[in-house]
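Numbering (UniProt numbering), first residue to last: 1 to 377. A quick write-up on the structure given underneath.
Here you go:
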């Protein structure tokens with residue numbers, strides 16, 4: 001496609017400047033397919049003085065710049081029409097609409113992500129204001145670990161990673177819904193995640209927890225997660241209709257809340273016992289489970305079980321993966337059971353198990369001082 005700057009005579013010895021684009025593209029103001037776009041700029045056909053000469057020079061420089069940008073837009077296929085009314089809408093309203101589609105625990109993460117975004121940008125940000133520079137500046141803001149909320153506690157690097165991912169997802173959705181000319185969410189780099197230790201429970205700690213009293217549905221839901229690897233979002237939305245099979249051959253057929261992927265997960269009979277008395281087909285298994293209550297109960301439960309670790313509900317998923325690998329289950333099987341899309345995600349747990357093996361190797365000790373003396377003799 002070609003974009004040329006052309007001139008057309010108008011009144012009072014002036015020349016109107018316009019773009020000649022071939023093949024035609026949507027007009028930025030009307031959306032109609034057209035070959036010509038008038039710039040609402042003019043020059044003097046025969047400048048009479050220095051003022052008119054300077055006007056011509058500056059106007060032609062501006063028109064040339066506009067022409068070059070339009071050529072780049074055309075070459076990059078950024079000539080789709082987006083009405084000004086959409087470009088001027090508030091991106092934050094769009095961001096919040098995505099948050100409102102999320103469920104319970106995930107909703108809380110989105111809520112916090114938007115709180116930090118508003119702290120950075122204010123209550124209003126039009127779609128037309130979003131570019132790569134803005135995104136880089138927001139990433140830098142999150143990397144500085146700002147402290148908001150009731151406890152004024154600085155966020156961790158990996159929390160910043162999570163919040164920025166929500167922002168990138170919102171950008172991708174905005175592009176799909178024709179609010180943005182470019183898929184900036186794909187173009188920009190994310191914040192690099194720092195490798196962290198994933199807290200988990202050993203087999204004896206898990207047993208201690210099971211033997212310690214706690215609110216019934218919280219204890220059962222937690223143990224189900226530890227024995228299946230299910231996330232809180234999947235445990236809390238589990239329906240009786242998703243429990244299939246019979247003794248020795250039970251499985252859960254469900255769709256992951258996080259990825260929306262369909263899953264077929266074999267489970268042990270003890271998991272079915274933990275689920276309790278079957279309810280109606282369309283009822284949730286843990287109908288009264290509340291994330292805030294779970295968090296509150298977990299801290300007390302773990303302490304009373306004599307476990308000196310910071311255990312969150314997600315740690316039960318880590319526990320499942322680590323204990324499975326330590327028991328000899330191959331990594332591909334564990335990866336499938338966790339519903340991971342990439343094997344690399346599961347490899348994190350292999351590192352944990354390798355460290356456990358190294359630590360175990362150091363526990364068996366033997367004094368060979370006398371043996372060394374005899375060998376020397």
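A virtual CB, placed ideally from N, CA and C, is assigned to each residue, including glycine. Source: prediction; values computed, not measured.
Does the beta-carbon of residue i have 16 or more other beta-carbons within 10 angstroms, so that it is buried, or is it exposed?
{"i": "residue 268", "result": "exposed"}
{"i": "residue 176", "result": "exposed"}
{"i": "residue 119", "result": "exposed"}
{"i": "residue 232", "result": "buried"}
{"i": "residue 337", "result": "buried"}
{"i": "residue 187", "result": "exposed"}
{"i": "residue 37", "result": "buried"}
{"i": "residue 228", "result": "buried"}
{"i": "residue 145", "result": "exposed"}
{"i": "residue 252", "result": "buried"}
{"i": "residue 255", "result": "exposed"}
{"i": "residue 257", "result": "buried"}
{"i": "residue 25", "result": "buried"}
{"i": "residue 281", "result": "exposed"}
{"i": "residue 309", "result": "exposed"}
{"i": "residue 317", "result": "buried"}
{"i": "residue 197", "result": "exposed"}
{"i": "residue 270", "result": "exposed"}
{"i": "residue 185", "result": "buried"}
{"i": "residue 64", "result": "exposed"}
{"i": "residue 292", "result": "exposed"}
{"i": "residue 319", "result": "buried"}
{"i": "residue 313", "result": "buried"}
{"i": "residue 395", "result": "Here the chain comprises residues numbered 1 to 377, so residue 395 is not present and cannot be evaluated."}
{"i": "residue 70", "result": "buried"}
{"i": "residue 324", "result": "buried"}
For a test of the three-state rule: what should DSSP assign to residue i, helix, strand or coil?
{"i": "residue 264", "result": "strand"}
{"i": "residue 37", "result": "strand"}
{"i": "residue 15", "result": "strand"}
{"i": "residue 94", "result": "helix"}
{"i": "residue 20", "result": "strand"}
{"i": "residue 244", "result": "strand"}
{"i": "residue 71", "result": "helix"}
{"i": "residue 253", "result": "strand"}
{"i": "residue 285", "result": "coil"}
{"i": "residue 8", "result": "strand"}
{"i": "residue 141", "result": "helix"}
{"i": "residue 239", "result": "strand"}
{"i": "residue 126", "result": "strand"}
{"i": "residue 181", "result": "coil"}
{"i": "residue 120", "result": "helix"}
{"i": "residue 311", "result": "coil"}
{"i": "residue 42", "result": "strand"}
{"i": "residue 192", "result": "coil"}
{"i": "residue 297", "result": "helix"}
{"i": "residue 135", "result": "helix"}
{"i": "residue 259", "result": "coil"}
{"i": "residue 455", "result": "The requested residue 455 is not part of the displayed model; the chain covers only 1 to 377."}
{"i": "residue 208", "result": "helix"}
Using alpha carbons as the reference points, say which of the options lies closest to residue i.
{"i": "residue 276", "options": "261, 238, 321", "result": "238"}
{"i": "residue 158", "options": "191, 167, 133", "result": "191"}
{"i": "residue 42", "options": "309, 60, 305, 324", "result": "60"}
{"i": "residue 173", "options": "316, 127, 355, 352", "result": "127"}
{"i": "residue 87", "options": "123, 129, 110, 97", "result": "129"}
{"i": "residue 201", "options": "83, 315, 68", "result": "315"}
{"i": "residue 208", "options": "69, 303, 1", "result": "303"}
{"i": "residue 14", "options": "323, 71, 46", "result": "46"}
{"i": "residue 110", "options": "90, 342, 163", "result": "163"}
{"i": "residue 342", "options": "357, 286, 259", "result": "259"}
{"i": "residue 67", "options": "1, 89, 125", "result": "1"}
{"i": "residue 279", "options": "204, 295, 265, 243", "result": "243"}
{"i": "residue 346", "options": "332, 108, 358", "result": "332"}
{"i": "residue 179", "options": "89, 283, 140, 210", "result": "89"}
{"i": "residue 378", "options": "124, 117, 51", "result": "Outside the modelled stretch of the chain, which goes from 1 to 377, sits residue 378, for which no answer is possible."}
{"i": "residue 122", "options": "132, 74, 140, 93", "result": "93"}
{"i": "residue 138", "options": "183, 73, 189, 11", "result": "189"}
{"i": "residue 97", "options": "132, 262, 167, 140", "result": "167"}
{"i": "residue 33", "options": "264, 326, 23", "result": "23"}
{"i": "residue 261", "options": "72, 147, 102, 340", "result": "340"}
{"i": "residue 265", "options": "356, 335, 348", "result": "335"}
What whole-angstrom Cβ distance do residue i and residue j have, given they're in contact under 8 angstroms?
{"i": "residue 8", "j": "residue 16", "result": "5 angstroms"}
{"i": "residue 215", "j": "residue 297", "result": "5 angstroms"}
{"i": "residue 82", "j": "residue 181", "result": "6 angstroms"}
{"i": "residue 95", "j": "residue 170", "result": "5 angstroms"}
{"i": "residue 241", "j": "residue 286", "result": "14 angstroms between Cβ atoms; not a contact."}
{"i": "residue 217", "j": "residue 288", "result": "6 angstroms"}
{"i": "residue 327", "j": "residue 212", "result": "That belief does not hold up - the Cβ atoms of residue 327 and residue 212 are roughly 23 angstroms apart, past 8 angstroms."}
By DSSP's criteria, residue i is part of a beta bridge. Which residues make up the other side?
{"i": "residue 154", "result": "147"}
{"i": "residue 3", "result": "21"}
{"i": "residue 114", "result": "None, per the DSSP bridge assignment."}
For residue i, decide whether its Cβ has a neighbour in chain C, counting only Cβ atoms nearer than 9 angstroms.
{"i": "residue 116", "result": "The structure shown contains no chain C; it holds only a single protein chain."}
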